[in-house]
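Below: the structure, in structure tokens.
Protein chains: 4
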Amino acid sequence: IKYNGKRTITPVDCRYRCWETLMAILVAYSVWVYPFELAFMNKSSPHATLKRLLYISEYIVDAFFSIEIILTFFVAYFDPNTQLLVWDARKIALRYLKTWFLMDIASTVPFGLIVYMCTDRHELGLFYQSVFGMLRFWRLRKVTQLFRRLEKDIRFNYVLIRCIKLVLVTLFFSHIAGCLYYILADTYPHSGKTWIGSVNPNFREGHVLDRYVASIYWSMSTMTSVGYGDVHSMNSREMTFNIVYMMFNLGLNAYLIGNISTLILEGTRTTMDFRNRIQSASEFASRNQLPKSLKEQILTFMCFRFTAENLTQQRIMDELPNPICKSICEHLFLPAVQNVYLFKYISTETLLLLVAKMRAEYIPPGEDVITKYEAPEIIYIIMSGEVEVINCEEGKEQTTKTLVTGDILGEVAAFCGKPQSFTFRAKTMSQLLKLKTSSLNETMQTKPDDHQLILQNIREKE
Amino acid sequence: IKYNGKRTITPVDCRYRCWETLMAILVAYSVWVYPFELAFMNKSSPHATLKRLLYISEYIVDAFFSIEIILTFFVAYFDPNTQLLVWDARKIALRYLKTWFLMDIASTVPFGLIVYMCTDRHELGLFYQSVFGMLRFWRLRKVTQLFRRLEKDIRFNYVLIRCIKLVLVTLFFSHIAGCLYYILADTYPHSGKTWIGSVNPNFREGHVLDRYVASIYWSMSTMTSVGYGDVHSMNSREMTFNIVYMMFNLGLNAYLIGNISTLILEGTRTTMDFRNRIQSASEFASRNQLPKSLKEQILTFMCFRFTAENLTQQRIMDELPNPICKSICEHLFLPAVQNVYLFKYISTETLLLLVAKMRAEYIPPGEDVITKYEAPEIIYIIMSGEVEVINCEEGKEQTTKTLVTGDILGEVAAFCGKPQSFTFRAKTMSQLLKLKTSSLNETMQTKPDDHQLILQNIREKE
Amino acid sequence: IKYNGKRTITPVDCRYRCWETLMAILVAYSVWVYPFELAFMNKSSPHATLKRLLYISEYIVDAFFSIEIILTFFVAYFDPNTQLLVWDARKIALRYLKTWFLMDIASTVPFGLIVYMCTDRHELGLFYQSVFGMLRFWRLRKVTQLFRRLEKDIRFNYVLIRCIKLVLVTLFFSHIAGCLYYILADTYPHSGKTWIGSVNPNFREGHVLDRYVASIYWSMSTMTSVGYGDVHSMNSREMTFNIVYMMFNLGLNAYLIGNISTLILEGTRTTMDFRNRIQSASEFASRNQLPKSLKEQILTFMCFRFTAENLTQQRIMDELPNPICKSICEHLFLPAVQNVYLFKYISTETLLLLVAKMRAEYIPPGEDVITKYEAPEIIYIIMSGEVEVINCEEGKEQTTKTLVTGDILGEVAAFCGKPQSFTFRAKTMSQLLKLKTSSLNETMQTKPDDHQLILQNIREKE
Amino acid sequence: IKYNGKRTITPVDCRYRCWETLMAILVAYSVWVYPFELAFMNKSSPHATLKRLLYISEYIVDAFFSIEIILTFFVAYFDPNTQLLVWDARKIALRYLKTWFLMDIASTVPFGLIVYMCTDRHELGLFYQSVFGMLRFWRLRKVTQLFRRLEKDIRFNYVLIRCIKLVLVTLFFSHIAGCLYYILADTYPHSGKTWIGSVNPNFREGHVLDRYVASIYWSMSTMTSVGYGDVHSMNSREMTFNIVYMMFNLGLNAYLIGNISTLILEGTRTTMDFRNRIQSASEFASRNQLPKSLKEQILTFMCFRFTAENLTQQRIMDELPNPICKSICEHLFLPAVQNVYLFKYISTETLLLLVAKMRAEYIPPGEDVITKYEAPEIIYIIMSGEVEVINCEEGKEQTTKTLVTGDILGEVAAFCGKPQSFTFRAKTMSQLLKLKTSSLNETMQTKPDDHQLILQNIREKE
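Heads up: the protein sequence lines correspond to chains R, X, G and Y, in order. The opening residue of the first sequence carries number 1236 in our numbering; numbering runs sequentially from there. The opening residue of the second sequence carries number 1236 in our numbering; numbering runs sequentially from there. The opening residue of the third sequence carries number 1236 in our numbering; numbering runs sequentially from there. The opening residue of the fourth sequence carries number 1236 in our numbering; numbering runs sequentially from there.
Structure below.
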């Protein structure tokens, strides 16, 4: 994984991304397994094989994390001020040492092993175990980072990522609470006065899975505020824990609801906007007691306009820089423009210049593209749909012709510099290419040969 | 249902819409009945007649769905890129085959019947039944489509549609959960250690409706997080199911709350805006210690302005295309304009040209329509309400006249090209027609005869 | 209550408003009492006095409502299209008859009394009572109207009105549910298998208040989804009712949360905006590693600017019509302007003209009011605060003078038409009056005498 | 704590802020302890030492509060109309006496002590104790003020402050409810028919902490709507209290959820915006079936543009006043500008003038900084990043050079007044300083010597 001859890895490297994802999964596993071990895998527990398996898996995770610590010294980072990648090994090391190095180390040292070697005691006391275990939660940072990255990655569905995050958070906390609650019952002197002991006096003899399910059952029924009450606190210690947990859940519930509300708010906005616009058009028609046919016409038009706006997306083209815009126009418009009679025999170079200045627009049916007597500021080429040529004389409108894909509108007026002599009206939803007459003239001035060809094309057609 | 001579149906056809709605209802029924059958209509169940009825109804639904599959090959669709209807039978078929055909077929094949014919066993095992049944849920797509269509249909109330959808979703999930929970109890070997058996040991002998109500009672009390606890999980299997269901409900609850919050947020926005504007006007008055009468005046005006803005809705007129605008103006303004003294004897053709250039506006009482010495840029015609003519000389204002419906404001100044000689102020909420002097002159130039008539009208009046 | 000589009442009349409020309270009372009567005041109930009292109160409410029906024929209404009051008695009557008259009558007829008179039976069956009672809920329209009116009335706090509405809705539904649930238990044949009978077998002998409290306790604990479970459904009938109620509560809860979320969102917006702006300024300083003193300066300025914007509220002045603006300016600025040296001996008439053209603005400390070499477009008069005169020569800034309330800035430059010769910078938060030089000149041209006086004032000062 | 020679304290004084925070903590403590005392420390309670300690602590708090009352007479306040500090001792006193003085006194008088001295009875009745105690809640105003101040203080995290506030509110109400509920049980004549007595008949003999935990356990499980039901109301009095508490919690829950929703909505807005823009760009590419490489290019560019916008933050610079802007520009740009070849040997004074007119901008890679043939309106200096010089001839683009930090773009064209002869395109994310040619020329006119130096620099380079 060398890069740039400097033995540093770029953080956007695909392989490094995979490694990070793997680390996040390992961390999640280790954080998951730890409270379980603490609660159900103690001295007196009979499940020796499972216990050994868990111990071994833990050491493997620790090993992976050690590698991660070493690796971090070789990963370039983005400077938050300039957004440039920093490749300098010394700077990388310094930054890591100053920020998270110490905690990473502390969360990786296998304290259990060290104590065992020094004191020959196989098991630490519950208290020490908890303290050392807490350090492991520090690693959750890796999972948080993964989710922050995924949320910004458009290849993944945002709603899905957010929902998975929420589910994991919920499961994680109910798991922790369930395990802690079991420890409370397990270590209470008077076994019958515990939440699990009062229901099943010999609970310690049950299968580990039964006990785990009962714990999670309690913790989940409390978290979701269902609170059946068949399992409930029996002594002050359990009550105190329960109070803290309920308090915490109040916040967690609000967090879940808030998150999902936000997602829904975002998701329904487009439909809402559409409905609001249509609604106000409909009210306008009703208030003014417009005839039904006219109302129908208005509503249909509003629907089409909404669709047309969504299709056009001019806003995006405006944001893109020149070279990208050019490529897009070339890709989208060149094939169509080459077939227009006006540009027959024209050199591709000139066409490319023209195409780069064109913009596509969707016109809803019924809208006038060009109005009679209008100044010839824009030429339109039909990409799809149909446009009617309307001759309005003495107040009467008469459709004389229908133009289709490949036809061009208003070019005669533009080249002669006289006002438009017809009204052009979209018959169906039509995609038109707009070309400003001024842009056309500008280009023509630099290419006199092609100008002649175009004028000849016009003359020929007439 | 032929169309366009091509034997294809348009999806916006009224009869096809009805068929789709019928299909959605049938699908809803079949998805509803399936878990019920699985849970309560098993081998040992005594309700033979009901069982037979349900079986038959199922085959009828399957038959309808088969017809739907065939029909889909003849329904035109909207191309998402161009928003045009695609009529080509081959394209339609190709699209269907590529997308949902296989799943539609899989969800329609009567596996039960096939197995019965092949193996002579009357009943599939519970496991196979569930797997084949799951395929049926695929059809829910039809219901989702119906709701998506209804949400965009402005003939139906948006809030109502959303609420019905939420209610159905809630009922559906609690129905499913209730049935599954009953299956868990029914198939558990130790009958007394189940949620229903611990309350009523002979539950299997009860009426099917009693058992169904008990299931739904549990599932609903869990879903709404009420959790009375009189009915609760008794064994690990039930607990596990319960945990999953509670987890799911957390999400569902948040989804419900989020949806309704969004609707309320949308619904109260107008009132909020109104209150905010009035509130800040009121604070402005208080902070500057304005006298009470002045404050009263300000607040009244703000209320009126808010109403006026809602009535005018110029924004909608601006969005509509030319031909529709013309029709609206003709419909709304022509009758009133014909009665104005200025346009007596004028040809209807000229009036239509003028009317198309007019815009209606509501003026709240107290606002100046025209200020003295103003340039005569706009002529107003009163559609409703009253307008005072105010003569302000030496700082004193004096009302000289009150104009009513059909009167015209500022026309003398406009035709003589001199500044306005009076202030015109709205006395009540007034609807005025605005006509730009420049638009008027433009039209007059093309119609010299009518110009003479108008000038004569002015002279006569004076 | 005559008005306009037409025997019609205006709906904004203060006495009519009181009557409407009284009606709303009576309606609320009657709707409240009805389910209580139905549940707890039946044949077998021993509380005869209470029963009689409730019956009498009901007839009184009916009487009041009859008066209301008659009154409605004489109340003018706002036409939704024109927002004008309609006084015409015939139109009013027609509108009422077409809309709500029939239902109002139906909800007022004392069916109980009629049946009693016709059939000599003292009590209707429970079923008929319920049906006739339902009609009474129609009257709730009056309460809804009251709240809709209060929500728009700025004399009342919006949040308070909304909260009261939510509380009443909650109480109302839990009252109804409690009463219905009691009826279910009361009419069940097997008394021990009911929710109240299973806890207290002789519940019918208890005090009516105890039974009512128990009902509400159940209904409230279900509505809030607490669900203690000490009181729970015992038979299918109760379970079915409970399922419907829980389902309904899910919606009600979401409605409450949605409403309150909306209020909070609105309430915290200002603070949020402020924090966001300050936050981004702070980040800007940190990212660019600006020295601490500069950062401090930026943040202080941003705070002041925020306050200044809130104080100025120019937006409101812009919305108000001319005559109101004039009154405000006269009230606020005239006393201060009269004391400015520039306007000594000037006629009040001229001052009024000038004052009407002034606008107040708050300038945060540190902002430049006038920059040296600027064109003299605006004259400022200090209303409050302090402004420093700064002489910047050769890049060094030197404070030469401090101006206070009543001083005027930039007047010399304005009258001589030369660029400003000093920088003026706000020292404290200052309120300044802005007067455009062009507006001043305009006014001066119409008042040559006062122009001479002003020029003399300037000369004298120098 | 003298200030301004007037013996008044400014409210923004650091020591006074500390005192206020101390007072808020004391108030919180006293309000916390009061219900506890009332419920658990009554006559019959055996914990004499604890009782005495609490009594003493209470008198200490009262003493501190007395000092606070006196102190308030010497604290200046902000006038809400002008936002200026009012130092006048008489005005301060008057304002305090008119607003909160009386209630402050009433909440501080030790009624218990007075009654004890007058009547020789050691303990007031429960009723009188409650009434006098209620006055103490008046002091909560101090805590509210503290939080309102903290919410506006940008040194503290807004989300954190809001969350702490919500937690405290929740804890406070559950504490109050728990204590009141215990009093209800403690004073009920029939001890076995109370919520605590039915579970533990000898509850009065238990440890005070056990009883307190049980109370809080009940109140928290009700508040969070968990409602286990192991502890529940047993008589009408308790039920009534419970109903009120549940009703209240409904509101509190909605308040919590609403608050947290708002925070989340605010927190996710930036990510949402980013995703929406990228999403629509992606859809645009898909709809138009752009080739994959082009799509990739568009998306990358959009990401960079988003970052660039965040980095630039021009909006903040625009809001800041002249003198602050100058300091920022000097600090940020002077060191870099001094090293540009164009400004070699130029006097610092001139540089300062130029630097004050510069604005920094981030350009995403791929965007054209200067296009060929463009008019030379702006000169750019590279602060960081790389910019390519592109020579486009006959439609082909050719990179001729790469400019880095310290280089200057377009200066030749600007000084010669001819159009740009190259296209400059950002290669990496680049920070550029913009200087308008017109601003440059303006400055040059006032400094002819430096103008000559600059021209010479250009000539030398060529």
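Note that CB positions come from ideal geometry on N, CA and C, so glycine has one too. Quantities reported herein were computed from a predicted structural model and do not represent experimental measurements.
Contact under 7 Å by Cβ, Met1618/G with Leu1675/G: Mapped onto the third sequence, residue 1618/G falls at position 383. Mapped onto the third sequence, residue 1675/G falls at position 440. Against a cut-off of 7 Å, the Cβ pair of Leu1675/G and Met1618/G comes out as no contact.
Candidates Lys1636/G, Asn1470/G, Pro1345/G and Tyr1452/G, of which the one nearest Gly1462/G by Cα: In the third sequence, counting from the first residue as 1, residue 1462/G sits at position 227. For Gly1462/G, the nearest C-alpha among the options comes from Tyr1452/G.
C-beta contact flag for Phe1657/R and Asn1692/R at 7 Å: Residue numbering aside, residue 1657/R sits at position 422 when the first sequence is read from its first letter. Residue numbering aside, residue 1692/R sits at position 457 when the first sequence is read from its first letter. No, the pair does not count as a contact, with Cβ atoms beyond the cut-off.
Contact set between Gly1427/X and chain G, taken where Cβ atoms lie within less than 8 Å: As a working note, residue 1427/X is residue 192 in the second sequence. Under the 8 Å cutoff, chain G gives no residues; its nearest Cβ is about 20 Å from Gly1427/X.
Host beta strand (DSSP E) of Leu1667/G (start-end): On the third sequence, position 432 is the one that residue 1667/G refers to. Here the beta strand (DSSP E) through Leu1667/G covers Ser1665 to Lys1671.
Three-state secondary structure (DSSP) of Ile1693/Y: For the purposes of this step, residue 1693/Y is taken as residue 458 along the fourth sequence, with counting starting at 1. In the structure shown, Ile1693/Y sits in a helix (DSSP, three-state: H, G or I).
Test item: CB-CB of Met1469/X and Lys1428/X under 7 Å: Here residue 1469/X refers to the residue found at position 234 when the second sequence is read from its first residue. Here residue 1428/X refers to the residue found at position 193 when the second sequence is read from its first residue. Contact flag set, yes.
Top-ranked residue by Cα proximity to Met1338/G, from Lys1377/G, Phe1362/G and Ile1643/G: As a working mapping, residue 1338/G is identified with position 103 in the third sequence. Nearest C-alpha to Met1338/G: Lys1377/G.
Ser1656/R at chain X interface by Cβ criterion, 7 Å: Reading the first sequence from its first residue, position 421 is the one you call residue 1656/R. So, not an interface residue.
DSSP-derived helix/strand/coil call for Ile1389/G: Against the third sequence, residue 1389/G aligns to sequence position 154. Ile1389/G: coil per DSSP, three-state reduction.
Spatial neighbours of Thr1635/Y in its chain, beta-carbon cut-off 6 Å, leaving aside the 5 residues before and after: Locating residue 1635/Y in the fourth sequence gives position 400, where the first residue counts as 1. Closer than 6 Å at the Cβ level, and outside the excluded window around Thr1635/Y, lie Val1624 and Asn1626.
With 16 other Cβ atoms within 10 Å as the buried cut-off, status of Pro1600/Y: Taking the first residue of the fourth sequence as 1, we reach residue 1600/Y at position 365. Label assigned to Pro1600/Y: buried.
Between the CA atoms of His1467/X and Asp1465/R - distance to the nearest angstrom: What you label residue 1465/R is simply residue 230 of the first sequence in a count that begins at 1. What you label residue 1467/X is simply residue 232 of the second sequence in a count that begins at 1. Answer to the nearest angstrom: the Cα atoms are 7 Å apart.
Where Ser1582/X falls: helix, strand or coil (DSSP): Counted from its first residue, the second sequence places residue 1582/X at position 347. In the structure shown, Ser1582/X sits in coil (DSSP, three-state: anything other than H, G, I, E or B).
Chain-ordered residues of the stretch 1470–1492 of chain Y with a beta carbon less than 8 Å from chain X: Ile1492
CA-to-CA distance, Ile1291/Y to Gly1368/Y, given in whole angstroms: Stepping through the fourth sequence from its first residue, residue 1368/Y is reached at position 133. Stepping through the fourth sequence from its first residue, residue 1291/Y is reached at position 56. Approximately 16 Å, taken between the alpha carbons.
Three CB pairs or more closer than 8 Å across the stretch 1602–1612 of chain G and the stretch 1585–1593 of chain G: no
Opening and closing residue of the beta strand (DSSP E) in which Ser1619/R lies: As a working note, residue 1619/R is residue 384 in the first sequence. Unbroken beta strand (DSSP E) run through Ser1619/R: Ile1613 to Ser1619.
For Leu1670/X, the nearest candidate out of Ala1595/X, Leu1444/X and Glu1695/X (CA to CA): In the second sequence, residue 1670/X corresponds to position 435, counting from 1. It is Ala1595/X.
C-beta contact flag for Leu1491/R and Leu1401/R at 7 Å: Within the first sequence, residue 1491/R is the residue found at index 256, counting from 1. Within the first sequence, residue 1401/R is the residue found at index 166, counting from 1. Going by C-beta atoms, Leu1491/R is nearer than 7 Å to Leu1401/R.
Check whether Val1296/R and Leu1348/R have beta carbons under 7 Å apart: Position 61 of the first sequence, counted from the first residue, corresponds to residue 1296/R. Position 113 of the first sequence, counted from the first residue, corresponds to residue 1348/R. Cβ atoms of Val1296/R and Leu1348/R: not closer than 7 Å.
Reduced DSSP category for Lys1631/R - H, G, I as helix; E, B as strand; rest coil: As a position in the first sequence, residue 1631/R is number 396, starting the count at 1. Lys1631/R falls in the strand class under three-state DSSP.
7 Å Cβ cutoff, Gly1464/Y in contact with chain X: Counted from its first residue, the fourth sequence places residue 1464/Y at position 229. At least one chain X Cβ lies under 7 Å of Gly1464/Y.
Backbone secondary structure at Tyr1238/G - three-state DSSP: Here residue 1238/G refers to the residue found at position 3 of the third sequence. Low per-residue confidence applies at Tyr1238/G: pLDDT is 48, beneath 50, and the placement is therefore not dependable, though the value from the model is reported in the following sentence. If DSSP states are grouped into helix, strand and coil, Tyr1238/G belongs with coil.
Bounding residues of the beta strand (DSSP E) (the contiguous stretch that carries Thr1658/Y): Mapped onto the fourth sequence, residue 1658/Y falls at position 423. Where Thr1658/Y is concerned, the enclosing beta strand (DSSP E) stretches over Thr1658 to Ala1661.
Segment contact flag, the stretch 1486–1503 of chain R with the stretch 1496–1511 of chain X, C-beta cutoff 8 Å, min 3 pairs: yes
Arg1550/X: first and last residue of the uninterrupted alpha helix (DSSP H) it sits in: One-based indexing of the second sequence puts residue 1550/X at position 315. Gln1549 to Glu1554 is the extent of the alpha helix (DSSP H) around Arg1550/X.
His1410/X classed as buried or exposed, judged by whether at least 16 other C-beta atoms fall within 10 angstroms: As a working note, residue 1410/X is residue 175 in the second sequence. Buried, since its Cβ has 16 or more Cβ neighbours within 10 Å.
Partner residues on chain R for Ser1460/G, Cβ-Cβ distance less than 8 Å: Taking the first residue of the third sequence as 1, we reach residue 1460/G at position 225. Under the 8 Å cutoff, chain R gives Ser1460.
7 Å Cβ cutoff, Ser1528/Y in contact with chain G: On the fourth sequence, position 293 is the one that residue 1528/Y refers to. Taking Cβ atoms only, chain G never reaches closer than 7 Å to Ser1528/Y, which makes this a no.
Proximity to Ser1265/Y [Cα-Cα], best of Thr1585/Y, His1282/Y, Phe1299/Y and Ile1614/Y: As a working note, residue 1265/Y is residue 30 in the fourth sequence. Answer by Cα proximity: Phe1299/Y.
Validate contact between the stretch 1406–1423 of chain G and the stretch 1432–1450 of chain G using beta carbons, cut 8 Å, 3 pairs: yes
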